[in-house]
Amino acid sequence: MTEIPESDDNLTAVASPRTAPASPVAPVVDLTEAESQVARSVALVPSPRTNRPERLDLEPAEQELRRGDVDAYGRSEHIRELARRLYDPMYKHWFRAEWEGLEHIPEDGGALLVANHAGAIPADAPVIMHGIETELHRPVYGLAENLFRAIPFVGTMWSRLGGVAAHPDNAYRLLKDDRQLVLVFPEGTKGTGKVYRDRYKLHRFGRAGFIEIAMRSGVPVIPIAVVGNEEAMPIMFKSRRLAALTNLPYFPVTANMLALGPLGAGVYFPAKFRMRVLPPVHFDVAPDQERYPRAQVMAESDRIRDAIQDALYDMLRTRRSVWFG
Amino acid sequence: MRILVTGLGTFWGSHLAQRLEAYPEVEMIVGLDTDEPCLPLERTEFVKADSNYSILDRIVRATQVDTILHTHLVVGSTELPGRALHEINVIGTMNLLAAAGAAGSPVRKVIVKSSTLTYGANYKDPYFFRESMPRTRAPRTRVERSLLEAASFVRDFAIDNPHVTVTKLRFTNVLGDDVTTPFSRALRLPLAPEILGFDPRMQFTHEDDVTGALVYATRNDVPGIFNIAGDGTLPWSEVCAIVGRRRIALPPVLTQWAVEPLRLARIIDLPPEVLSVLRYGRAVDNSPFKQSGFRYQYSTAGTVDAFARSLRLETAVGSNSPSYRYERDVETFFRHSPAIVRDQG
Numbered sequence: 000m001t002e003i004p005e006s007d008d009n010l011t012a013v014a015s016p017r018t019a020p021a022s023p024v025a026p027v028v029d030l031t032e033a034e035s036q037v038a039r040s041v042a043l044v045p046s047p048r049t050n051r052p053e054r055l056d057l058e059p060a061e062q063e064l065r066r067g068d069v070d071a072y073g074r075s076e077h078i079r080e081l082a083r084r085l086y087d088p089m090y091k092h093w094f095r096a097e098w099e100g101l102e103h104i105p106e107d108g109g110a111l112l113v114a115n116h117a118g119a120i121p122a123d124a125p126v127i128m129h130g131i132e133t134e135l136h137r138p139v140y141g142l143a144e145n146l147f148r149a150i151p152f153v154g155t156m157w158s159r160l161g162g163v164a165a166h167p168d169n170a171y172r173l174l175k176d177d178r179q180l181v182l183v184f185p186e187g188t189k190g191t192g193k194v195y196r197d198r199y200k201l202h203r204f205g206r207a208g209f210i211e212i213a214m215r216s217g218v219p220v221i222p223i224a225v226v227g228n229e230e231a232m233p234i235m236f237k238s239r240r241l242a243a244l245t246n247l248p249y250f251p252v253t254a255n256m257l258a259l260g261p262l263g264a265g266v267y268f269p270a271k272f273r274m275r276v277l278p279p280v281h282f283d284v285a286p287d288q289e290r291y292p293r294a295q296v297m298a299e300s301d302r303i304r305d306a307i308q309d310a311l312y313d314m315l316r317t318r319r320s321v322w323f324g
Numbered sequence: 000m001r002i003l004v005t006g007l008g009t010f011w012g013s014h015l016a017q018r019l020e021a022y023p024e025v026e027m028i029v030g031l032d033t034d035e036p037c038l039p040l041e042r043t044e045f046v047k048a049d050s051n052y053s054i055l056d057r058i059v060r061a062t063q064v065d066t067i068l069h070t071h072l073v074v075g076s077t078e079l080p081g082r083a084l085h086e087i088n089v090i091g092t093m094n095l096l097a098a099a100g101a102a103g104s105p106v107r108k109v110i111v112k113s114s115t116l117t118y119g120a121n122y123k124d125p126y127f128f129r130e131s132m133p134r135t136r137a138p139r140t141r142v143e144r145s146l147l148e149a150a151s152f153v154r155d156f157a158i159d160n161p162h163v164t165v166t167k168l169r170f171t172n173v174l175g176d177d178v179t180t181p182f183s184r185a186l187r188l189p190l191a192p193e194i195l196g197f198d199p200r201m202q203f204t205h206e207d208d209v210t211g212a213l214v215y216a217t218r219n220d221v222p223g224i225f226n227i228a229g230d231g232t233l234p235w236s237e238v239c240a241i242v243g244r245r246r247i248a249l250p251p252v253l254t255q256w257a258v259e260p261l262r263l264a265r266i267i268d269l270p271p272e273v274l275s276v277l278r279y280g281r282a283v284d285n286s287p288f289k290q291s292g293f294r295y296q297y298s299t300a301g302t303v304d305a306f307a308r309s310l311r312l313e314t315a316v317g318s319n320s321p322s323y324r325y326e327r328d329v330e331t332f333f334r335h336s337p338a339i340v341r342d343q344g
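As you go down the protein sequences, you meet chains C and H in turn. Okay, so the first sequence: first residue is 0 according to numbering that gives the first Met the number 0, each after it adds one. Okay, so the second sequence: first residue is 0 according to numbering that gives the first Met the number 0, each after it adds one.
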């Protein structure tokens with residue numbers, strides 16, 4: 000982040016002793032429960048639900064003015080729906096994804112989904128998002144590196160498909176104000192950049208920012224262990240020189256490339272995907288605090304990391320085949 | 000309430016003064032500018048001043064104003080050469096606040112009309128800027144730097160003068176029937192410019208909400224910094240669709256060079272700070288000002304729709320904004336001549 004010579008914080012602080020500090024959590028749009036016909040036709044869930052997310056559903060008058068369904072985070076349900084239709088064969092027949100513990104994901108309200116991450120082009124995010132959206136009929140927003148936003152076409156498509164730049168405030172709004180499901184991979188590019196021999200060994204969970212986000216938004220963390228993904232496009236070697244040359248976080252040579260040649264850059268091995276949703280982790284802290292004790296944040300992060308790691312080992316113990324599960 | 004408006008000759012200064020004249024609690028309005036007002040004003044006194052307000056100290060003491068509305072911050076890179084921009088935004092604000100904070104000054108409220116340009120637009124940005132959030136990239140254009148410098152004067156003034164209510168309003172891209180902004184110009188073209196591969200989230204404020212917010216801050220005490228933007232966001236492609244414009248793509252690389260011929264041909268001038276909005280978009284959290292009690296008349300989609308309507312009317316009947324020319328003698332006659340019958344009931 001660039002240092003700015005001037006910060007206006009002081010003006011608010013000095014000039015506003017008379018008014019109470021504005022709460023950052025007020026609804027930004029006064030939304031009613033009523034949905035217009037248009038809203039219903041584009042809504043993911045056909046039946047009316049209680050506790051509609053604020054700001055993401057529009058008032059009828061507003062809906063009439065709209066020509067598209069791109070929401071405040073850039074996600075479009077139309078485009079998601081199309082993508083789900085295209086991705087469904089991949090999900091069902093290639094990866095043959097199976098879930099256990101889906102009942103741990105709430106039907107309503109915000110929750111932060113946390114999973115292990117791997118693969119040169121990670122398949123875990125689309126599979127988890129696709130799975131939850133088709134099984135639970137709830138949208139999932141995936142947090143990712145903000146660098147995506149800078150790439151033409153890719154950035155736009157990524158955002159229409161539910162990708163959100165991983166800024167803490169974006170996550171807070173989605174979880175707290177809009178009560179949505181947010182998916183995050185705390186390992187980040189360290190997870191996707193790991194090589195085959197390190198498969199299913201969780202990397203460190205960064206600075207545990209995701210715990211602070213969940214605490215501040217007052218939502219539970221729901222850990223998800225993903226098995227199969229780490230064999231779908233495993234990295235055999237990494238070229239540091241090519242990474243530096245191409246300005247990428249890592250430059251992978253995958254097993255797929257070795258087996259299939261250039262085609263392997265985009266084709267996954269048909270590994271069997273199993274996802275286990277672990278019980279939600281609730282934090283016994285007040286939301287909206289300026290900061291949370293570092294020790295507690297790190298301890299919670301380690302606890303969740305261990306839970307995912309244990310679940311992975313447990314699932315791998317019962318797995319007979321990489322391809323057939 | 001005795002009010003001083005800077006930049007009376009600008010669109011905003013004139014419109015604001017016109018609206019303030021309607022309130023009986025407003026005893027008098029003095030307007031400063033180098034240019035004459037662009038709207039007929041009933042009782043606003045116009046003082047022709049230089050752009051950096053060197054006579055301000057005398058005016059403040061002589062008129063005993065208690066409220067200063069600083070509407071004269073230039074927010075377009077290409078409106079003025081750099082020197083003039085600096086004079087108005089930086090030196091002008093400095094002199095204005097120096098006069099307002101002088102010993103024995105009657106000023107109790109200062110309202111500054113600023114812009115969300117101060118946040119910039121970058122891929123690292125949060126999706127909704129809160130007032131307390133810093134920009135994520137150092138300012139590159141002169142107008143952004145001058146606004147940040149002016150902001151530092153406002154902040155210092157607020158610290159040094161705790162008895163003065165200081166409000167700073169940061170306005171997002173404005174559209175409306177009459178006002179001309181880079182985006183209104185872009186949407187008036189037969190083909191609206193876009194950057195290939197980008198479809199950013201945009202927010203707009205209606206011109207009536209701009210004056211509305213300034214009037215609200217004048218009549219109520221709302222100290223602090225506030226974002227002003229219509230509710231909701233729209234992708235640029237949808238903005239163009241509502242206005243009924245096809246888009247023409249500018250290259251995503253070397254965009255700055257690609258728009259240079261357009262500028263030279265006087266087709267459209269897209270300064271760097273507008274191009275970065277067309278690339279990454281910018282949205283702000285407008286909830287604190289709403290919590291202070293302000294009600295918007297238009298959402299972002301409502302603003303774009305209203306603009307589309309006025310554009311259609313304009314296409315049908317031509318420009319319908321009344322032209323007005325300030326005539327000093329006429330104004331003086333109507334305001335001060337004993338021949339005018341006042342108190343007509």
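We put the CB at the ideal spot given by N, CA and C, even for glycine. Just so it is clear, the structure is predicted and the values come from calculations on it, not from any experiment.
Annotated as distal: H/Ile110 and H/Leu147, with beta-carbon spacing of 9 Å or more. Think of a sphere of 8 Å around the beta carbon of H/Phe197: the chain C residues whose beta carbon falls inside it are Pro151, Gly154, Thr155, in chain order. In this structure, H/Ala98 is the residue among H/Pro337, H/Thr331, H/Ala98 with its C-alpha nearest to the C-alpha of H/Val64.
Proximity to C/Leu135 across C/Arg293, C/Asp107, C/Ile234, C/Ile210 peaks at C/Asp107, based on C-alpha coordinates. Close to chain C, meaning a Cβ-Cβ distance shorter than 8 Å, are the following residues of the stretch 240 to 257 of chain H: Ala240, Ile241, Pro251. In chain order, Ala122, Val126, Gly227, Ala231, Tyr267, Pro269, Ala270, Lys271, Phe272 place their CB closer than 8 Å to the CB of C/Phe94, counting only its own chain and leaving out the 5 sequence neighbours on each side. Neighbours of H/Pro234 in chain C, taken as residues whose beta carbon is under 7 Å from its own, are Gly67, Val69 in chain order.
At a Cβ-Cβ threshold of 9 Å, H/Asp32 and H/Thr62 do not count as neighbours.
Within the model, the alpha-carbon separation for H/Gly119 versus C/Ile223 is close to 37 Å.
Boundaries for C/His92: no alpha helix (DSSP H) harbours it, and the DSSP string shows neither H nor E there. Collapsing the DSSP output to three states places H/Lys123 in coil.
H/Pro234 sits away from C/Asn169, with the two beta carbons spaced by 9 Å or more. Taking a contact to require three or more Cβ pairs closer than 8 Å, the stretch 149 to 164 of chain H and the stretch 233 to 251 of chain H do not qualify as touching. Per DSSP, the unbroken alpha helix (DSSP H) holding C/Ser158 starts and ends at 153 to 159. Taking one beta carbon from each stretch, the stretch 263 to 271 of chain H and the stretch 178 to 185 of chain H have 3 or more pairs nearer than 8 Å; the two touch. Contact annotation: in the stretch 279 to 306 of chain H, residues whose CB is within less than 8 Å of a CB in chain C are Tyr279, Ala282, Asp284, Asn285, Ser286, Pro287, Lys289, Gln290, Ser291, Ser298, Ala300, Gly301, Val303, Asp304. Counting along the chain, the unbroken beta strand (DSSP E) around C/Tyr140 starts and ends at 139 to 143. Secondary structure of H/Thr254 (DSSP, three-state): helix. Check the Cα spacing between C/Arg148 and each of H/Val283, H/Asn121, H/Gly30: the tightest is with H/Asn121. C/Tyr249 places its beta carbon 9 Å or farther from that of C/Ala258. The straight-line gap separating the alpha-carbon atoms of H/Ser309 and H/Thr302 is approximately 11 Å. Residue contact check for H/Pro270 against chain C: no CB pair falls below 9 Å.
At a cut-off of 9 Å between beta-carbon atoms, H/Arg265 makes no contact with chain C.
Non-local beta-carbon contacts of H/Ala191 in its own chain, meaning distances under 6 Å to residues more than five positions away in sequence, involve Ala185, Cys239, Arg244, Arg246 in chain order.
Interface annotation, C/Leu277: not in contact with chain H, CB-CB separation never under 9 Å. Under the three-pair Cβ rule at 8 Å, the stretch 276 to 283 of chain H does not count as touching the stretch 214 to 224 of chain H. Across the structure, C/Glu80 and H/Thr92 are spaced so that their CA atoms are roughly 52 Å apart. Within 10 angstroms of the beta-carbon of H/Leu312 lie fewer than 16 other beta-carbons, which makes it exposed. Proximity of H/Gly231 to chain C, defined by a Cβ-Cβ separation below 9 Å, is satisfied. A contact between stretches requires three or more CB pairs, one per stretch, nearer than 8 Å, and the stretch 152 to 170 of chain C fails this requirement with the stretch 192 to 204 of chain C. Taking a Cβ-Cβ threshold of 7 Å, the residues of chain C close to H/Lys123 are Asn145, in chain order. Collapsing the DSSP output to three states places C/Ile150 in coil. Taking every protein chain shown into account, the CB of H/Ser318 has fewer than 16 other CB atoms within 10 angstroms, so this residue is exposed. Listed as beta-bridge partners of C/Leu112 by DSSP are C/Leu182, C/Ile221.
DSSP, reduced to helix, strand and coil, places H/Lys167 within a strand of the structure shown. Your pair H/Thr204 and H/Thr171 checks out as a contact, with CB atoms roughly 5 Å apart and the cut at 8 Å.
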